[in-house]
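Counted from 1, the sequence shown has number 209 at position 208 by the numbering used here; the numbering is strictly sequential.
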Amino acid sequence: MRRTIVLLAVTLLALTAAPRSGAAQVSGSVPTTDSVALAMREIGITQGVLDFNGKVVRGDHTVAATDTLAGPLVVIGGSAEVRGVVRGSVYALWGDVVVHEGANVLGGATAYRGRVILDGGRVRGALAAWSATVPAAVAEAPPMTRGRALTLAGGWTAMLTVIGILVLVIAASNMEATARILEQEFGRAFFLGVVGQLGFLPVLLLATIALAITIVGALLIPFVLVAAPIALAGMLTLGWLALALTTGRALTRVRAEGASRAEALRALVFGVVLLMSPWFIAAALQGTGTAAVVARIVAVTVAWVAASAGLGAALLSRAGVGKRTPAERPQPPLQGWQTPTPVAGVAAARRPIPARPGATPQ
2 MRRTIVLLAV TLLALTAAPR SGAAQVSGSV PTTDSVALAM REIGITQGVL
52 DFNGKVVRGD HTVAATDTLA GPLVVIGGSA EVRGVVRGSV YALWGDVVVH
102 EGANVLGGAT AYRGRVILDG GRVRGALAAW SATVPAAVAE APPMTRGRAL
152 TLAGGWTAML TVIGILVLVI AASNMEATAR ILEQEFGRAF FLGVVGQLGF
202 LPVLLLATIA LAITIVGALL IPFVLVAAPI ALAGMLTLGW LALALTTGRA
252 LTRVRAEGAS RAEALRALVF GVVLLMSPWF IAAALQGTGT AAVVARIVAV
302 TVAWVAASAG LGAALLSRAG VGKRTPAERP QPPLQGWQTP TPVAGVAAAR
352 RPIPARPGAT PQ
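So this is what it looks like as structure tokens:
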């Protein structure tokens with residue numbers, strides 16, 4: 002009985018919506034009974050969909066912020082404005098589906114000859130906008146707001162700071178070795194980092210082909226395909242944090258030799274904030290037009306340079322476990338008779354030779 006009532010309601014709404022739906026149509030055609038049935042069949046609105054407390058309305062319909070629909074919502078010849086909760090999917094035939102801020106759609110959102118617009122709301126299912134005959138997964142999201150951009154930049158800064166603290170506690174020597182490379186050979190590190198970025202995929206492809214020659218190597222291909230990107234991400238993170246540490250030391254005037262852990266931590270935090278500052282500036286200028294675009298380009302450029310130089314330093318230092326630099330190598334012990342200070346003009350003392358018995362002293 003319930004299915005029959007729902008089918009009759011859909012048919013009646015389709016018939017009554019035909020003369021009034023011209024303003025809400027995208028293509029300009031009038032939805033007839035056959036076109037409504039065809040559209041419902043194309044987007045998957047079946048009797049089973051409408052069985053679960055389905056609601057069918059004609060013309061524009063709004064779900065208020067205080068309303069909760071128990072089942073799917075079908076709007077014919079108008080737009081569906083969702084501000085509350087819909088415990089199902091939302092369908093708009095010859096109209097748009099707009100999910101406003103604070104709204105929650107537990108199913109999907111589908112528009113036939115319309116658009117799906119997320120205006121701050123949440124849709125847990127799939128988003129789809131259908132043309133006359135061919136479906137296309139299209140959803141128009143609003144531009145990022147200034148508050149959201151600032152929150153995103155702050156979240157990345159906090160995450161990188163936490164990771165940097167963990168690396169500083171667990172692998173301080175590795176970070177110090179990488180930072181020393183950046184201090185001494187920044188240009189070489191940047192060049193090697195760019196080469197590493199360009200050559201990662203070709204090297205990975207060649208390694209995969211080489212492993213495929215043997216049976217044992219073929220078994221290792223999945224491991225290599227997973228481990229290689231993880232290793233690259235680790236090297237990038239280590240190098241970027243080392244650059245942040247180096248930048249923070251220059252900003253706080255903290256020397257690497259003899260610095261306490263607290264001083265190193267303060268320098269790291271200052272460096273992370275400084276390297277992330279272009280993103281905060283771009284977020285603050287969000288929505289200002291040309292200024293926002295320029296600020297974002299600057300932020301991307303700074304991030305790429307930092308990542309490239311950090312990657313190159315991590316490669317040169319072999320993630321901080323490579324060969325020591327001459328300043329780190331221990332010096333051989335001095336001989337007992339040699340002078341401890343090789344300064345020009347100071348002669349080494351000669352070891353005294355005991356006189357032989359009976360010899361006349363000179």
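Backbone N, C-alpha and C fix where the C-beta goes; we use that ideal spot for every residue, glycine too. Here the structure is a predicted model, which means the values were calculated and not measured.
Quick check: the Cα distance between residue i and residue j, rounded to an integer number of angstroms?
i: residue 179; j: residue 97; result: 54 Å
i: residue 184; j: residue 247; result: 7 Å
i: residue 87; j: residue 153; result: 29 Å
i: residue 166; j: residue 263; result: 11 Å
i: residue 105; j: residue 187; result: 51 Å
i: residue 60; j: residue 199; result: 55 Å
i: residue 58; j: residue 110; result: 16 Å
i: residue 275; j: residue 214; result: 48 Å
i: residue 126; j: residue 44; result: 14 Å
i: residue 268; j: residue 252; result: 8 Å
i: residue 201; j: residue 296; result: 29 Å
i: residue 182; j: residue 108; result: 53 Å
i: residue 294; j: residue 282; result: 11 Å
i: residue 209; j: residue 68; result: 56 Å
i: residue 119; j: residue 66; result: 15 Å
i: residue 102; j: residue 124; result: 11 Å
i: residue 305; j: residue 194; result: 10 Å
i: residue 155; j: residue 298; result: 19 Å
i: residue 203; j: residue 291; result: 37 Å
i: residue 228; j: residue 235; result: 10 Å
i: residue 130; j: residue 277; result: 38 Å
i: residue 89; j: residue 38; result: 20 Å
Using the three-state DSSP reduction, which class does residue i fall into: helix, strand or coil?
i: residue 282; result: helix
i: residue 255; result: coil
i: residue 322; result: coil
i: residue 67; result: coil
i: residue 267; result: helix
i: residue 59; result: strand
i: residue 154; result: helix
i: residue 338; result: Below a pLDDT of 50, predicted positions are generally treated as unreliable, and residue 338, at 40, falls in that range; no measurement from the model is reported.
i: residue 127; result: coil
i: residue 159; result: helix
i: residue 235; result: helix
i: residue 290; result: coil
i: residue 261; result: coil
i: residue 146; result: coil
i: residue 46; result: coil
i: residue 122; result: coil
So, using beta-carbon positions, are residue i and residue j closer together than 7 Å?
i: residue 221; j: residue 212; result: yes
i: residue 190; j: residue 317; result: yes
i: residue 122; j: residue 100; result: yes
i: residue 273; j: residue 128; result: no
i: residue 64; j: residue 85; result: yes
i: residue 244; j: residue 284; result: no
i: residue 197; j: residue 312; result: yes
i: residue 280; j: residue 310; result: no
i: residue 94; j: residue 40; result: yes
i: residue 168; j: residue 242; result: yes
i: residue 224; j: residue 249; result: no
i: residue 83; j: residue 62; result: no
Give me the Cβ distance between residue i and residue j, rounded to the nearest whole Å; I'm assuming they're in contact under 8 Å.
i: residue 81; j: residue 70; result: Rounded, the Cβ-Cβ distance is 11 Å, inconsistent with contact.
i: residue 320; j: residue 239; result: 6 Å
i: residue 114; j: residue 287; result: In fact, because the Cβ distance is near 33 Å, the residues do not count as touching under 8 Å.
query = Counting only runs that start and end within the segment 73-120, where is the beta strand (DSSP E) found for 3 or more residues in a row?
reply = 74-77, 81-83, 91-94, 98-101, 110-113 and 117-120
task = May I have a chain-ordered list of the alpha helix (DSSP H) segments no shorter than 4 residues that lie completely inside the segment 161-216?
result = Look at the segment 161-216 and you find these whole runs of alpha helix (DSSP H), each 4 residues long or longer: 173-185 and 187-212.
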